[in-house]
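**Student:** Sharing a structure, written as structure tokens. Questions coming.
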Amino acid sequence: MLGEVTGLKIKILEYDDRSIRFLVENIPLALLNAIRRLTISDVPSMAIDYVYFIENSSPLYDEIVAHRLGLIPLTSDRALEKYGPPEECRDNEERPDCYARLYLEAEASDGTKVVYSGDLVSDDEDVQPVYKNIPIVVLGPGQKISFEARARLGRGREHAKWSPVSAATHKYVPQIIVNSEKCYGESCAKCVNVCPKNVLKIKDGRLVVEDELSCSLCRQCEKVCPTDAILVSWKPNSYIMYVESTGVLRPERIVLEASRILEEKAEQLLSELEK
Amino acid sequence: MSAGRVLYKCGRCGRVFDLFQLQVLAPRIRCPYCGYRVIYKVRSPVVKKVKAI
């Protein structure tokens, strides 16, 4: 189905600490979608797995607090090399390289106190809450909470808390063709007003496509055009992929890890077939 | 304190007592010291393991 992938080209369109948007050319959709799905379900990251409660007189049950703790993103960039793989570490607390420990002890003396993710004290500086301002619980006067939490590597397919991405999408590369002979230009401009992404503009009385890549292929412009002067289509085998990290891993790392996992899976399939 | 010994705490005077004291000193469900009728169960001193799901 996939055949041979030749002439693959990647161009990064946007890139920052949390997200990456890139254009991929000459790639089969099935391959790119496999990578996208693996970013969601198979790239490992750290998250709290168990919580040992010593004291909890807060209004929330232990189970609710544990659930909330599990969802806190923990930095995992260096943890990937340091900790054992999810398959070997699940329910294996004896193994020394599996679990990172985080502690918290808080008490509200008088007045209420909000306990934040930043109050967690980690025994490993590479495994820290990404965001320090996530509220865990509100303590009333005299209430106490004290626990030890254990975090390990896991995969998104086991629980969404281990998924390193908050969004992983791809879309077609839009191509908008304007037939200037048919177009009425400034006197009509219906398509300019209807476009939700403001892709089309009128310049010097003529219709121009200004920001082609942000087109969502909704085809509203095609629909409102009285003379069928606009044709919205897309480039074959080219896609724009967008990966938004939760902060646990760098966005490019997520894509690279997903590609590596796909490669491993393909190798595994081949070796199973050869048996 | 051994595990399994359940303690109770009075909602008004805050004094802590166990089931035995409760039955001997106050034959009905009330604080054996001040007679208040709202009593709370005290969290047992064992460490509780919870899965974060």
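For the record, the sequence lines run as chains H and U. Using my numbering, read the first sequence as starting at 1161 and increasing by one per residue. Using my numbering, read the second sequence as starting at 291 and increasing by one per residue. The beta-carbon is built from N, C-alpha and C at its ideal position, and this holds for glycine as well.
1) Roughly how many angstroms separate the alpha carbons of PHE307 of chain U and VAL336 of chain U, rounded to a whole number?
2) Can you give the Cα-Cα distance for GLU1372 of chain H and VAL1392 of chain H, rounded to whole angstroms?
3) Drop a sphere of 10 angstroms on the beta-carbon of MET291 of chain U, count the other beta-carbons inside from all chains shown, and report buried for 16 or more, exposed for fewer.
4) Can you tell me whether DSSP reads SER292 of chain U as helix, strand or coil?
5) Mind checking who TYR300 of chain U pairs with in its DSSP beta bridge?
6) My assumption, with CB atoms under 8 Å, is that ALA1260 of chain H sits in contact with ASP1283 of chain H. Please give the rounded CB distance.
7) Quick check on the burial criterion: 16 or more other C-beta atoms within 10 angstroms. Buried or exposed for CYS303 of chain U?
8) My output table needs one value for ARG1238 of chain H: the three-state DSSP class, helix, strand or coil.
9) Considering only their Cβ atoms, is the gap separating LEU1234 of chain H from ALA1207 of chain H smaller than 9 Å?
10) Note down, in chain order, all residues in the region 1275-1294 of chain H with a beta-carbon under 8 Å from any beta-carbon belonging to chain U.
11) Since ILE1336 of chain H is in the beta strand (DSSP E), which residue starts that stretch and which ends it?
12) Based on the DSSP secondary-structure assignment, which residues constitute the bridge partners of GLY1314 of chain H?
13) Quick one: give me the first and last residue of the alpha helix (DSSP H) that ARG1228 of chain H is part of.
14) What distance in whole Å lies between the Cβ atoms of THR1329 of chain H and VAL1298 of chain H, which are believed to be in contact at a cut-off of 8 Å?
15) Identify which residue in H:GLU1412, H:CYS1385, H:LEU1313 and H:ALA1426 has its Cα closest to the Cα of SER1347 of chain H.
16) Reducing DSSP to helix, strand and coil, say where ALA1425 of chain H ends up.
17) Against chain U, with Cβ distances strictly below 9 Å, would SER1217 of chain H count as a contact?
18) Is DSSP giving ASN1353 of chain H helix, strand or coil here?
19) By how many angstroms is the C-alpha of LEU1231 of chain H removed from the C-alpha of GLU1412 of chain H?
20) What do you get for VAL1165 of chain H, buried or exposed, if any count of 16 or more other CB atoms within 10 angstroms of its CB means buried?
21) Cβ-heavy atom distance between ALA1349 of chain H and the ligand FAD below 8 Å?
22) So, at 6 Å on beta carbons, what are the nonlocal neighbours of GLU1174 of chain H in its own chain, with the 5 sequence-adjacent residues on each side left out?
23) Once the 5 residues before and after LYS1342 of chain H are set aside, which same chain residues still bring their CB inside 6 Å of it?
24) Quick check: the Cα distance between VAL1368 of chain H and PRO1204 of chain H, rounded to an integer number of angstroms?
25) Taking 8 Å as the cut-off, does the region 1303-1311 of chain H touch the region 1251-1268 of chain H (at least 3 CB pairs, one atom from each stretch)?
26) Candidates H:ARG1250, H:ILE1400 and H:ILE1187: which alpha carbon is nearest LEU1313 of chain H's?
27) Using only the alpha-carbon positions, how far apart do PRO1334 of chain H and VAL1415 of chain H sit?
28) Specify, as a first and last residue, the run of the alpha helix (DSSP H) that PRO1246 of chain H falls within.
29) Would you say GLU1223 of chain H reaches chain U, if we count a Cβ-Cβ gap shorter than 9 Å as a contact?
**Tutor:** Let's see:
1) Numbered from 1 along the second sequence, position 17 holds the residue referred to as residue 307 of chain U. Numbered from 1 along the second sequence, position 46 holds the residue referred to as residue 336 of chain U. The alpha-carbon atoms of PHE307 of chain U and VAL336 of chain U are separated by roughly 18 Å.
2) For the purposes of this step, residue 1372 of chain H is taken as the residue at position 212 of the first sequence. For the purposes of this step, residue 1392 of chain H is taken as the residue at position 232 of the first sequence. Spanning the two alpha carbons is a distance of roughly 10 Å.
3) In the second sequence, residue 291 of chain U corresponds to position 1, counting from 1. Residue placement at MET291 of chain U is flagged as unreliable, the pLDDT there being 45, under the threshold of 50; the coordinate-derived value follows with that caveat. Exposed, by the Cβ-count rule.
4) In the second sequence, the residue the question calls residue 292 of chain U occupies position 2. Any reading at SER292 of chain U needs caution, since the residue's pLDDT is 49, under 50, leaving its predicted position unreliable; the model's value is listed next. Coil, per DSSP.
5) Here the question's residue 300 of chain U lines up with position 10 in the second sequence. This sequence places Cys at residue 300 of chain U; Tyr is not what is there. For CYS300 of chain U, which the question treats as bridged, DSSP gives the partners U:ILE329.
6) What you label residue 1260 of chain H is simply residue 100 of the first sequence in a count that begins at 1. What you label residue 1283 of chain H is simply residue 123 of the first sequence in a count that begins at 1. The pair is a contact, with the Cβ atoms about 7 Å apart (cut-off 8 Å).
7) By one-based count along the second sequence, residue 303 of chain U stands at place 13. Exposed.
8) Residue numbering aside, residue 1238 of chain H sits at position 78 when the first sequence is read from its first letter. DSSP places ARG1238 of chain H in coil when its eight states are reduced to three.
9) If you number the first sequence from 1, residue 1207 of chain H lands on position 47. If you number the first sequence from 1, residue 1234 of chain H lands on position 74. In contact: ALA1207 of chain H and LEU1234 of chain H (Cβ atoms closer than 9 Å).
10) Listed in chain order, the positions of the region 1275-1294 of chain H with a beta carbon within less than 8 Å of a beta carbon of chain U would be empty, since no residue qualifies.
11) Counting from 1 along the first sequence, the entry for residue 1336 of chain H is found at position 176. Looking at the DSSP string, the run of the beta strand (DSSP E) that includes ILE1336 of chain H is 1325-1338.
12) Within the first sequence, numbered from 1, the residue matching residue 1314 of chain H stands at position 154. Partner(s): H:SER1205.
13) Here the question's residue 1228 of chain H lines up with position 68 in the first sequence. Per DSSP, ARG1228 of chain H belongs to the alpha helix (DSSP H) from 1222-1230.
14) Position 138 of the first sequence, counting from 1, holds the residue named residue 1298 of chain H. Position 169 of the first sequence, counting from 1, holds the residue named residue 1329 of chain H. That belief does not hold up - the Cβ atoms of VAL1298 of chain H and THR1329 of chain H are roughly 36 Å apart, past 8 Å.
15) Taking the first residue of the first sequence as position 1, residue 1347 of chain H is located at position 187. The candidate whose alpha carbon is nearest that of SER1347 of chain H is H:CYS1385.
16) On the first sequence, residue 1425 of chain H is found 265 positions in, with the first residue counted as 1. Residue identity check: residue 1425 of chain H is Lys in the sequence provided, not Ala. Helix.
17) The sequence position of residue 1217 of chain H within the first sequence is 57, counting from 1. Yes, SER1217 of chain H lies at the interface with chain U (some Cβ there is under 9 Å from its Cβ).
18) Position 193 of the first sequence, counted from the start, is the residue given in the question as residue 1353 of chain H. ASN1353 of chain H falls in the helix class under three-state DSSP.
19) In the first sequence, counting from the first residue as 1, residue 1412 of chain H sits at position 252. In the first sequence, counting from the first residue as 1, residue 1231 of chain H sits at position 71. If you take the alpha carbons of GLU1412 of chain H and LEU1231 of chain H, they lie about 22 Å apart.
20) As a working mapping, residue 1165 of chain H is identified with position 5 in the first sequence. Counting other Cβ atoms within 10 Å of its Cβ, VAL1165 of chain H stays below 16 and is therefore classed as exposed.
21) The ligand FAD is not part of this structure, which contains no ligands at all.
22) Sequence index remark: in the first sequence, residue 1174 of chain H carries index 14 (1-based). Here the set comprises ARG1181.
23) As a position in the first sequence, residue 1342 of chain H is number 182, starting the count at 1. Only residues of its own chain outside the window of five on either side were considered, and among them THR1387 and ALA1389 have a CB closer than 6 Å to the CB of LYS1342 of chain H, listed in chain order.
24) Looking up residue 1368 of chain H in the first sequence gives position 208. Looking up residue 1204 of chain H in the first sequence gives position 44. Cα to Cα, the separation comes out at about 45 Å.
25) yes
26) Sequence index remark: in the first sequence, residue 1313 of chain H carries index 153 (1-based). Out of H:ARG1250, H:ILE1400 and H:ILE1187, H:ARG1250 has the C-alpha closest to the C-alpha of LEU1313 of chain H.
27) To locate residue 1334 of chain H, count along the first sequence from 1; it is residue 174. To locate residue 1415 of chain H, count along the first sequence from 1; it is residue 255. Distance between the alpha carbons of PRO1334 of chain H and VAL1415 of chain H is about 23 Å.
28) The residue labelled residue 1246 of chain H in the question sits at position 86 within the first sequence. 1246-1249 is the extent of the alpha helix (DSSP H) around PRO1246 of chain H.
29) The residue you call residue 1223 of chain H lines up with position 63 of the first sequence. Chain U, which has a Cβ nearer than 9 Å to the Cβ of GLU1223 of chain H, makes this yes.
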